[in-house]
Amino acid sequence: MRDRRLLCLGAAALVCIAAYMTIGLRGNYGFVLTLRATKLAALIQVSVSIAISTVIFQTVTNNRILTPAIMGLDALYLFGQMVLVFALGGVGYAALDPQLKFGGEVLLLMGLATSLLLPMLRRGTDMGLMLLAGLIFGVLFRSLQSLLARLVDPNDFAVAQSMSFANFNNVRTDLLIFATILTVIAAVIGWRARHVLDIMALGVDSAIGLGVSWTRTVTGFLLLVSALVAVSTALVGPIAFFGLLVVAVAERIVDSRRHAILVPTAILTAVIILVGGQTLFQHALGNGSTLGVVIEFAGGVAFLILLFLGSRR
Amino acid sequence: MIRVENVSLKHGSTPILHDISLEIPKGGITALIGPNGAGKSSLLSLIARLQPLQAGKISIEGFPVNTTPNRDLAKIIAILRQDSLVTSRLRVGELVGFGRFPHGRGRLTAEDQAIIDQSLQQFDLTDLADRFIETLSGGQRQRALVAMAFAQGTDYLLLDEPLNNLDMYFARELMRSLRKIADDKGKTVVIVLHDINQAGFYADRIVAMKTGRVVADGAPLELLTPETLQTIFGFEMRVETIDGIKVVVHLR
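In the order they appear, the protein sequences are chains A and B.
Heads up, the first sequence is in our numbering, so the first residue is 2 and it goes up one at a time.
Heads up, the second sequence is in our numbering, so the first residue is 4 and it goes up one at a time.
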């Protein structure tokens, strides 16, 4: 039953991918297809990393409305970038090897995010408190980032802005290879940990009772989640509610919280929304609006619905 | 054997447990009783390494709980807490199956499946196996959690007020199941109980705690006397023997 739903989703995702690659194909096929394939690869990577990071984050924090983005992890990433510009200057920053720089940023985010979140997760903190803390982290890092942006000289500011203005229409394809490696590693780890995640969803006490070393495992997952957030933020910029939307929809589709089935469903849902949506916007709606805005709107609505339905766990 | 040596615990500056030493030999049912706030649950969660040990030593079968790898301990000891949180969108059968996690790290063999079915049957859950946990009543949910701890198949089973939410029928069924696994399979059960009569009838030994200390320890027959009960709970009660069963009358 669930397998059939997963199969249907898989087919729908393939249709979206095929449509994205083929609709309105003109001119030099080789060039256009390469261009599209590169963007497609980035979109799929973002789908995978957002789906996995959101599911894991929700399981570890034991709630359904917190996502890494709502906890301000992407703001933290952008802040880290700004700090680099501030410290090295625009020219120094631009001269850095992009792969190396991205690697450094990922490591920085992993370290910062884990040291901020781990104290809260060691003994299950109240969800309301986590949400508040997340909002405040988000605002804090965004404000610090704009403070630094005002302090640097205008040339440096232009560099920083061009770096951080990635979005769905302007995907940072130069980081693709590095990001692909990271995403694949994370996906493999996530898949191997699917049973452990099922157990962690039971809560701290039950998980320890069943032989999971809580603090160590949570630390590992937080590192993984922050690496994935870095990947998606670097490729397409910050997106707050997409992960929440995808996981909420996926959970309704398969009616289960077992990670072996939920994670693939969430990934496929994300691919359908991103790739299908992008196709729709480029060809049917003539780029009249931005996919990011629509996704954020739908995700925000999903967030409110989840809040009002009180599905807090 | 569970060996607790000189264990003390503080929450901030509030002392919870004072220098407790206790030995629970293998086999049989040990009931922990005592008024609210006596430290029974804290002691249980220290034994089950749910809280870090602050002072003293605890070992199970010679394995110190604070240094033995968690996954090894999970094959020796299972715990059910009173406020076990359960995520939604989970079926009873799946939950009970999680009890087998320490053995196969998530992969269920035919033998695991047999044990799961047996646990479901033991706690009258076979018909509910496909129901979602959140659609169950409090008592049914409680039984599902006990079945999960049971499916873990450990020699030691720690239960923190498992009779909460259970009606008289299932409270009796649960205590009988525990008695049965203690007698037939040689399992060691440590159980926090508030129903003194259940403790008196089913347990082999009662350990009474009050304000973080052990105040009485012994077989139910010698412990259930008006004097001892008064020291533990602070009020007078009558103890009668009906059909050879000691019954504490604590209503008046």
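Every residue, glycine too, gets a C-beta built ideally from N, C-alpha and C.
- Pick from Leu227/B, Lys78/B and Ile19/B: whose alpha carbon is nearest that of Ile248/B? To locate residue 248/B, count along the second sequence from 1; it is residue 245. For the residues Leu227/B, Lys78/B and Ile19/B, the minimum Cα distance to Ile248/B belongs to Leu227/B.
From the DSSP output, read off the bridge partner residues of Lys60/B. In the second sequence, counting from the first residue as 1, residue 60/B sits at position 57. For Lys60/B, which the question treats as bridged, DSSP gives the partners Glu8/B.
For the alpha helix (DSSP H) containing Ile209/A, name the first residue and the last one.
Position 208 of the first sequence, counted from the first residue, corresponds to residue 209/A. Counting along the chain, the alpha helix (DSSP H) containing Ile209/A begins and ends at Val205 to Gly210.
_Counting only Cβ pairs nearer than 9 Å, list the residues of chain A close to Arg146/B._
To locate residue 146/B, count along the second sequence from 1; it is residue 143. Correct list: empty, because the minimum Cβ distance to chain A is about 16 Å.
Query raised in the report: Roughly how many angstroms separate the alpha carbons of Ser147/A and Met22/A, rounded to a whole number?
Result: Locating residue 147/A in the first sequence gives position 146, where the first residue counts as 1. Locating residue 22/A in the first sequence gives position 21, where the first residue counts as 1. Near 38 Å, if we compare the C-alpha coordinates of Met22/A and Ser147/A.
Inset, instruction - Using DSSP bridges, identify the partner residues of Asp220/B. - result: For this step, residue 220/B is matched to residue 217 along the second sequence. DSSP, once it has assigned bridges, lists Val210/B as partnering Asp220/B.
TODO: Check the Cβ-Cβ distances between Leu133/A and every residue of chain B, and say whether any is below 9 Å.
DONE: What you label residue 133/A is simply residue 132 of the first sequence in a count that begins at 1. No, because no Cβ of chain B sits closer than 9 Å to the Cβ of Leu133/A.
**Report entry** Arg314/A versus Leu132/A: straight-line alpha-carbon distance, rounded
**Finding:** Along the first sequence, one-based indexing puts residue 314/A at 313. Along the first sequence, one-based indexing puts residue 132/A at 131. Since pLDDT at Arg314/A reaches only 44, below the 50 mark, its modelled position is unreliable, and no value is offered.
For the candidate residues Gly81/A, Arg65/A, Gly28/A and Leu117/A, whose alpha-carbon lies nearest to that of Ala134/A?
Position 133 of the first sequence holds residue 134/A. When only C-alpha atoms are compared, the closest one is Leu117/A.
Rounded to the nearest angstrom, what separates Ala81/B and Leu162/B at their Cα positions? For the purposes of this step, residue 81/B is taken as residue 78 along the second sequence, with counting starting at 1. For the purposes of this step, residue 162/B is taken as residue 159 along the second sequence, with counting starting at 1. Approximately 8 Å between the Cα atoms of the pair.
C-alpha gap between Leu281/A and Ile66/A, whole angstroms: Stepping through the first sequence from its first residue, residue 281/A is reached at position 280. Stepping through the first sequence from its first residue, residue 66/A is reached at position 65. If I take the Cα positions, the gap works out to 28 Å.
Nearest to Ile57/A by CA position, among Glu297/A, Ile273/A and Val197/A, is which residue? Translated into positions along the first sequence, residue 57/A becomes position 56. Looking at the Cα atoms, Val197/A is the closest of the given residues.
| In terms of alpha-carbon separation, which member of Leu308/A, Arg253/A and Leu177/A lies closest to Ala38/A? | By one-based count along the first sequence, residue 38/A stands at place 37. Ala38/A has its Cα closest to that of Leu177/A, out of Leu308/A, Arg253/A and Leu177/A.
### Task
Could you tell me whether the region 62 to 81 of chain A touches the region 104 to 120 of chain A, using the rule of 3 or more Cβ pairs below 8 Å?
yes
Answer yes or no: do Glu176/B and Asp120/B have a C-beta to C-beta separation smaller than 9 Å?
The residue you call residue 176/B lines up with position 173 of the second sequence. The residue you call residue 120/B lines up with position 117 of the second sequence. In this structure, Asp120/B does not lie closer than 9 Å to Glu176/B by Cβ.
| Spatially closest choice to Ile181/B from Met171/B, Val192/B, Tyr172/B and Phe173/B, by CA coordinates | The sequence position of residue 181/B within the second sequence is 178, counting from 1. According to the sequence shown, residue 181/B is Leu rather than Ile. Measuring from the Cα of Leu181/B, the nearest candidate turns out to be Val192/B.
### Task
Within the same chain, show all residues whose beta-carbon is closer than 8 Å to that of Asp115/B, passing over the 5 residues directly before and after it, in chain order.
As a working mapping, residue 115/B is identified with position 112 in the second sequence. Cβ within range, chain order: Gly100, Arg103, His106 and Gly107.
**Minimum C-alpha distance to Ala219/B - residue among Ile32/B, Gly37/B and Leu20/B** = On the second sequence, residue 219/B is found 216 positions in, with the first residue counted as 1. If we check each option's Cα against that of Ala219/B, Gly37/B comes out closest.
Pull up the DSSP beta-bridge partners for Leu25/B, would you. Mapped onto the second sequence, residue 25/B falls at position 22. Looking at the DSSP assignment, Leu25/B forms a beta bridge with Val7/B.
Looking at chain A, is there any beta carbon in it that lies within less than 9 Å of the beta carbon of Lys249/B?
Against the second sequence, residue 249/B aligns to sequence position 246. Chain A, which has no Cβ nearer than 9 Å to the Cβ of Lys249/B, makes this no.
- Uninterrupted alpha helix (DSSP H) stretches inside the region 65 to 126 of chain A (no shorter than 4 residues): 74 to 96 and 99 to 123
>> Check whether the region 195 to 212 of chain A and the region 28 to 42 of chain A are in contact - that is, three or more C-beta pairs closer than 8 Å.
In response: no
| said: Buried or exposed for Asn39/B, going by 16 or more other Cβ atoms inside 10 Å? | reply: Position 36 of the second sequence holds residue 39/B. Exposed: under 16 other Cβ atoms inside 10 Å.
ask   = Just by C-beta distance, which residues in the region 187 to 211 of chain A are closer than 8 Å to chain B?
value = Arg195, His196, Val197, Asp199, Ile200, Ala202, Leu203, Gly204, Val205, Asp206, Ser207, Ile209, Gly210 and Leu211
> For Arg94/B versus Arg134/B, is the C-beta distance shorter than 9 Å?
Replying inline: Numbered from its first residue, the second sequence carries residue 94/B at position 91. Numbered from its first residue, the second sequence carries residue 134/B at position 131. Yes; because the gap between Cβ atoms is below 9 Å, this pair is in contact.
Q) Nearest-angstrom Cα distance between Pro99/A and Asp175/A? A) Along the first sequence, one-based indexing puts residue 99/A at 98. Along the first sequence, one-based indexing puts residue 175/A at 174. Their Cα atoms are separated by approximately 8 Å.
Check this for me: beta carbons of Thr55/A and Thr68/A, under 9 Å apart or not? The residue given as residue 55/A occupies position 54 in the first sequence. The residue given as residue 68/A occupies position 67 in the first sequence. Against a cut-off of 9 Å, the Cβ pair of Thr68/A and Thr55/A comes out as a contact.
Review point. Which residues in chain A sit within 9 Å of Leu169/B, going by Cβ to Cβ distance?
Key: Position 166 of the second sequence, counted from the start, is the residue given in the question as residue 169/B. Going along chain A, no residue has its Cβ under 9 Å from Leu169/B, so there is no contact; the nearest lies around 19 Å.
### Identified DSSP bridge partners for Thr276/B
No information on residue 276/B is available, as it lies outside the stretch 4 to 255 that chain B covers here.
- Query: Quick one: is Arg326/A near chain B, going by C-beta distance under 9 Å?
  - Reply: Past the edges of chain A, shown from 2 to 314, lies residue 326/A, and the structure says nothing about it.
Give a yes or no on contact between the region 237 to 251 of chain A and the region 297 to 304 of chain A, applying the rule of three or more CB pairs nearer than 8 Å. yes
- Going along the chain, which residues of the region 55 to 82 of chain B sit with their C-beta nearer than 9 Å to a C-beta in chain A? Pro72, Asn73, Arg74, Asp75, Leu76, Ala77, Lys78, Ile80, Ala81 and Ile82
**Q.** Contact between the region 61 to 80 of chain B and the region 232 to 243 of chain B (3+ Cβ pairs under 8 Å)
**A.** no
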